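If you read the sequence shown in numbering that gives the first Met the number 0, its first letter stands for residue 0, the second for the next number, and so on.
Just so you know, even glycine gets a beta-carbon here, dropped at the ideal spot from N, CA and C.
These figures come from a predicted structure and were not determined experimentally.
What follows is one structure encoded as structure tokens, with my remarks underneath.
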Amino acid sequence: MNLNGAELMIRFLEFAGVEIVSGIPGGASLPIYDALYESKIRHILARHEQGAGFIAGGMARANGKPGVCFASSGPGVTNLITAVADAKMDSIPLIVITGQVPVSMIGTDAFQEIDTFSLSVPITKRSYLVKKIEDLIQILPQAWKTAIEGRPGPVWIDVPKDVASAKIDWDISREKEI
Numbered sequence: 000m001n002l003n004g005a006e007l008m009i010r011f012l013e014f015a016g017v018e019i020v021s022g023i024p025g026g027a028s029l030p031i032y033d034a035l036y037e038s039k040i041r042h043i044l045a046r047h048e049q050g051a052g053f054i055a056g057g058m059a060r061a062n063g064k065p066g067v068c069f070a071s072s073g074p075g076v077t078n079l080i081t082a083v084a085d086a087k088m089d090s091i092p093l094i095v096i097t098g099q100v101p102v103s104m105i106g107t108d109a110f111q112e113i114d115t116f117s118l119s120v121p122i123t124k125r126s127y128l129v130k131k132i133e134d135l136i137q138i139l140p141q142a143w144k145t146a147i148e149g150r151p152g153p154v155w156i157d158v159p160k161d162v163a164s165a166k167i168d169w170d171i172s173r174e175k176e177i
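In structure tokens, the structure reads:
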């Protein structure tokens with residue numbers, strides 16, 4: 000099946016049994032929201048990214064599965080910091096997916112670019128900066144597993160807009176059970 004990176008992420012979340020996500024759309028995360036529109040996953044539009052993070056944390060506490068939240072780059076990322084740090088301290092499994100400027104613009108001080116990876120490393124169990132769409136196929140199940148194994152906690156996946164829009168041939172039915 001030919002999917003873009005954002006569609007691949009949403010299909011993975013559906014496969015993992017995610018029913019509700021929270022977040023705030025922004026320019027760098029629009030491909031994710033386009034893919035979410037076609038999904039049965041319910042989206043809770045938060046008023047602030049910190050709220051989206053705490054909503055995801057509440058969902059994780061309520062259903063025992065990782066909570067999922069989305070945000071855009073730059074201020075969307077920095078607004079999530081408190082909720083994600085809280086999830087790490089309280090051992091709450093989260094999957095945090097943020098948009099990022101295109102790969103070629105990382106490190107150029109582009110509009111709303113921030114070093115999400117460096118900011119998120121101290122407050123997560125694992126942080127990823129996805130530079131190629133092919134890497135998503137390994138990162139998504141790894142992130143899910145990391146969030147729930149051992150001491151649960153948050154995992155951050157930063158996805159540049161060009162990676163979220165890139166196409167790949169992928170069949171979820173070949174994946175092992177999560």
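Burial state of residue i (16 or more Cβ within 10 Å)
i: Y36; result: exposed
i: G149; result: exposed
i: A61; result: exposed
i: V260; result: Any property of residue 260 remains undetermined from this structure, which presents the chain solely from 0 to 177.
i: K166; result: exposed
i: S21; result: buried
Sequence-distant residues of the same chain with beta carbon closer than 6 Å to residue i, five excluded per side
i: D168; result: N1
i: R125; result: T145 and V154
i: T107; result: none
Neighbourhood of residue i by C-beta, 8 Å cutoff - its chain only, sequence neighbours within 5 removed
i: T97; result: A27, S28, F69, A70, S71, S72, G75, V76, L79, T115, W155, I156, D157 and V158
i: D33; result: A5
i: T222; result: In this structure the chain extends from 0 to 177, so residue 222 is not present and cannot be described.
i: S103; result: D161
C-alpha distance - residue i paired with residue j, whole-angstrom precision
i: W143; j: I94; result: 7 Å
i: D89; j: V129; result: 26 Å
i: K131; j: L12; result: 19 Å
i: T145; j: S164; result: 25 Å
i: H42; j: I54; result: 11 Å
i: L135; j: R10; result: 12 Å
i: I105; j: M58; result: 32 Å
i: G63; j: P101; result: 34 Å
i: Q49; j: T81; result: 7 Å
i: D85; j: A51; result: 13 Å
i: E133; j: V162; result: 9 Å
i: I113; j: D170; result: 33 Å
i: A45; j: I23; result: 6 Å
i: L7; j: S38; result: 11 Å
i: G56; j: H47; result: 14 Å
i: P30; j: K160; result: 7 Å
i: F110; j: G25; result: 12 Å
i: S117; j: Q99; result: 13 Å
i: Q141; j: N3; result: 19 Å
Other residues of its chain near residue i: CB distance less than 7 Å, five sequence neighbours each side excluded
i: I147; result: P65 and P92
i: I138; result: Y127, V129 and I156
i: E18; result: I40 and R41
Proximity winner among the options, relative to residue i (alpha-carbon distances)
i: F14; options: I40, D134 and Y127; result: I40
i: G16; options: G56, K166, V120 and V67; result: V67
Chain D contact for residue i (CB, 8 Å cutoff)
i: D134; result: The structure shown contains no chain D, having only a single protein chain.
Query raised in the report: Can you list the alpha helix (DSSP H) stretches of 4 or more residues lying completely in the region 89-139, in chain order?
Result: Fully enclosed alpha helix (DSSP H) runs of 4 or longer: 115-119.
Requested in this report: Could you name each continuous beta strand (DSSP E) segment of 3 residues or more that falls completely within the region 18-50, going from the start of the chain to the end?
Outcome: Taking only runs of at least 3 residues, the beta strand (DSSP E) segments lying wholly in the region 18-50 are 19-22 and 41-44.
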